[in-house]
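Visitor: Chains as they are written, first to last, in my numbering: chain A, 1184 to 1303; chain B, 9 to 418.
Here a beta-carbon is modelled for each residue, glycine too, at the ideal position from N, C-alpha and C.
1) Which residue marks the beginning of the alpha helix (DSSP H) containing residue 309(B), and which one marks its end?
2) Between the segment 1247-1267 of chain A and the segment 1215-1222 of chain A, can you find at least three pairs of beta-carbon atoms closer than 8 Å?
3) Looking only at C-alpha atoms, which of 132(B), 143(B), 115(B) sits nearest to residue 124(B)?
4) In the DSSP assignment, find the unbroken beta strand (DSSP E) run with residue 1298(A) in it and report its ends.
5) Is residue 1266(A) close to chain B? Criterion is C-beta to C-beta, closer than 9 Å.
6) Report the three-state DSSP secondary structure of residue 1255(A) (helix, strand or coil).
7) Mind pulling the chain A residues with CB within less than 7 Å of residue 385(B)?
8) Using a Cβ-Cβ distance under 9 Å, would residue 1248(A) count as near chain B?
9) Is it true that the segment 95-107 of chain B meets the segment 204-217 of chain B, where meeting means three or more beta-carbon pairs spaced less than 8 Å apart?
10) At 9 Å on the CB atoms, spell out the chain B contacts of residue 1280(A), in chain order.
11) Using a Cβ-Cβ distance under 9 Å, would residue 36(B) count as near chain A?
12) What residues are listed by DSSP as bridge partners for residue 17(B)?
13) Along the chain, where does the alpha helix (DSSP H) that runs through residue 169(B) open and close?
14) For residue 328(B), count neighbouring C-beta atoms within 10 Å of its own C-beta (all shown protein chains included) and say buried if the count is 16 or more, exposed if not.
15) Output yes if chain A places a C-beta closer than 9 Å to the C-beta of residue 212(B); else output no.
16) For residue 1259(A), I'd like the list of residues in its chain whose CB is within less than 8 Å of its CB, leaving aside the five on either flank, ordered along the chain.
17) At what residues does the beta strand (DSSP E) containing residue 3(B) begin and finish?
18) What separation, rounded to the nearest whole angstrom, lies between the Cα atoms of residue 315(B) and residue 283(B)?
19) Does any residue of chain A have a CB that is nearer than 9 Å to the CB of residue 315(B)?
20) Are the beta-carbon atoms belonging to residue 216(B) and residue 165(B) less than 9 Å from one another?
21) Residue 125(B) lies in the beta strand (DSSP E); which residues open and close that run?
22) Rounded to whole angstroms, what's the CA-CA distance from residue 67(B) to residue 161(B)? Just pull it up for me.
23) Please tell me whether residue 388(B) has its Cβ less than 9 Å away from any Cβ of chain A.
24) Assign residue 70(B) to buried or exposed, taking buried as 16 or more other Cβ atoms, counted over all protein chains shown, within 10 Å of its Cβ.
25) Note down the Cα distance separating residue 51(B) from residue 150(B), rounded to an integer number of angstroms.
26) What number of angstroms, rounded off, separates the C-alpha of residue 1274(A) from the C-alpha of residue 1287(A)?
27) Are the C-beta atoms of residue 342(B) and some chain A residue less than 9 Å apart?
28) Taking the runs of the alpha helix (DSSP H) that are 4 residues or longer, which of them lie wholly in the segment 239-269 of chain B?
29) Who are the near neighbours of residue 84(B) in its chain, counting only those whose CB is closer than 7 Å to its CB and skipping five residues on each side?
30) Nearest to residue 77(B) by alpha carbon, out of 347(B), 54(B), 307(B)?
31) Have a look at the DSSP bridge pairing and note the partners of residue 1276(A).
32) Mapping DSSP to helix, strand and coil, what is residue 281(B)?
33) Does chain A have any CB closer than 9 Å to the CB of residue 171(B)?
34) Less than 9 Å between CB atoms is the rule here; does residue 32(B) satisfy it with respect to chain A?
35) Note down the Cα distance separating residue 248(B) from residue 48(B), rounded to an integer number of angstroms.
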C-alpha cells in the first residue's frame, strides 16, 4: 500500500514486520491468567504463564467465543463454549472440535506496559 | 497403539458427527487397517448445532459445518461411502448388506446411526407445510419458510423449537410457539429457568403459549390451521416441529442386538455382540459418573463418545466417562447445562436472573448433580468438575460470587 513516510515511520523503521502497540498495563495481568484486548480491529488474548507473556488470537477457530473467557490449564487455554483446547505458546489446536490453529504474536513489556506486534 | 489390530476392516455405519469423529480418531490412535465410513446423507460428517442457528439464518455456508473438507477422508485413508443405505447387518457372516445391492465384510462394526426427528402423531402431522429439523436438507427447506413477514408456528419448546423460534424472529418472521408442558425446556432445566427463557422469547416478540395441545394440522389454502385442544385455532404459513428425537436402532434390533430405546452399550461402547460397538445419539450407554444407562441427543456425546469408542476399537482400555453437557444459543443468550440428574432437592443461585450472567447449581443431598449457566460459560468448566467429583459443597460458598468456583472445585 502506498503511504507517505512520516517521522513515526522512521522511528519504527527497524521493525519492518509491524509496530509495537501498547495494549494494557503490565499490572493488569497476573500469573496464570489471561486478558482479552483489542488491537486495531483484532481481538487478542494475552497470557501470563509463570511470569512470561504470550499473545494469540482471542477468537476460537471453531465457533464464536473468546478464549480469554475460557480456562487456562497450565499452558493450554480451553474455550468456554465447546471445550476446544489450544497450546498458548504455539497456538496449536489440540484435537476436535478445533479445525485449525490460532495465530501467535510477539509480545514484550516496555515501560510497565504490555506491547504486542501485529503482522506488518 | 494396537499392532494386534492389524488389517481388521472397521466399518462405521452412520457418517454424522459421531461417525466422523470416530473415523479420524481411529487414525489418530494409530490404527492403520482399512476403515469404511458409510452414510445415507450426501454430505460428509458435519456438526448439527448450526442447523437451527447460523445455517438456518443463512449466514453460514454449508461447508463451514463439515467436520473436515470431504477430500480429507481420502487423505486419511478412510473410505467414505455417502448416499449409501445399509439394509441389514448379517452378524454371522460379519457382513453389511446395502439397500442398493452389494455388501461389504467387517471385522469390527461401529454403529453411529444417530437419531431422527420424532414425528408428531396427529392428523396432518406429515403435511407439506409441516417441517422437521434434523439434517442439512431439513434446514434448507425450513429456511425457505423464514422470509420476513411470514408467520411460523413452532410446536415444542425444547432446544430445537426455541432455537428455530429465535432464528425466525431475527429474520423478521412472526412466531407462535406451542408447548404441551407447563414450562419451556422442561426436559433440560427446572421451571424457574424455563420461565426465564420464556420471558426472553416474549421480549423478542414471540407469542409463546405453554400447556397447549395441538390436536390437528389442516391445510387452509396457502396457510395451515393448527387446531388446539382448547378449541382455538392458530393460523400460520408453515409449522416447525421439535418434539424430540428417536434413535435409529432398527438395524441393530433386526440383527438381534440388545436394544432399549437406543442400542445398549457399556461405558466402552461395546454392544451385546463383541464385534459391534456403538457411539452417539443411537446408543443407550452406561455412564459411570451418572451411574446409569442414558441416551443423549447431544453434540458433546457425539464427539467424545465417538472418539472414546474408536480408541477402544484401536486397543485403548479407557472408558467414556463424562458429565453430560448441553448448550443452546437463542438471541444473545448462551445457556449451558451439565449433568443428567434423576432428581435434586435444592437449587443454588450464583448470581440473579437480572445479572448479565448467572449460574444455577442443582444439589442432591448436598452434592452438585447438575448446573446451568446463562451467559456465564466460564463457570461451566468448574461446575462439571464438581459434578464429576460428586462431593458435597457448602451451599453458602456456592452462592457467593466472591468465592472462586475454581477453589470450590479443587
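Guide: Taking the definition as stated:
1) Looking at the DSSP string, the run of the alpha helix (DSSP H) that includes residue 309(B) is 307-321.
2) yes
3) 143(B)
4) 1296-1300
5) yes
6) Of the three classes helix, strand and coil, the one that applies to residue 1255(A) here is strand, per DSSP.
7) 1252, 1263, 1264
8) yes
9) no
10) Under the 9 Å cutoff, chain B gives 29, 55, 75, 307, 311.
11) For residue 36(B), at least one C-beta of chain A is nearer than 9 Å to its own C-beta.
12) DSSP lists no partner for residue 17(B).
13) 167-178
14) buried
15) Contact of residue 212(B) with chain A is not assigned, every C-beta pair being separated by 9 Å or more.
16) 1268, 1269, 1270, 1271, 1277
17) With chain B covering only 9 through 418, there is no way to say anything about residue 3(B).
18) Residue 315(B) and residue 283(B) have their C-alpha atoms roughly 17 Å apart.
19) yes
20) In this structure, residue 165(B) lies closer than 9 Å to residue 216(B) by Cβ.
21) 123-125
22) 22 Å
23) yes
24) exposed
25) Distance between residue 51(B) and residue 150(B), taken at the CA atoms: about 18 Å.
26) 6 Å
27) yes
28) Scanning the segment 239-269 of chain B from its first residue to its last, the whole alpha helix (DSSP H) runs of 4-plus residues come out as 258-262.
29) 32, 35
30) 54(B)
31) 1269(A)
32) coil
33) no
34) yes
35) About 23 Å.
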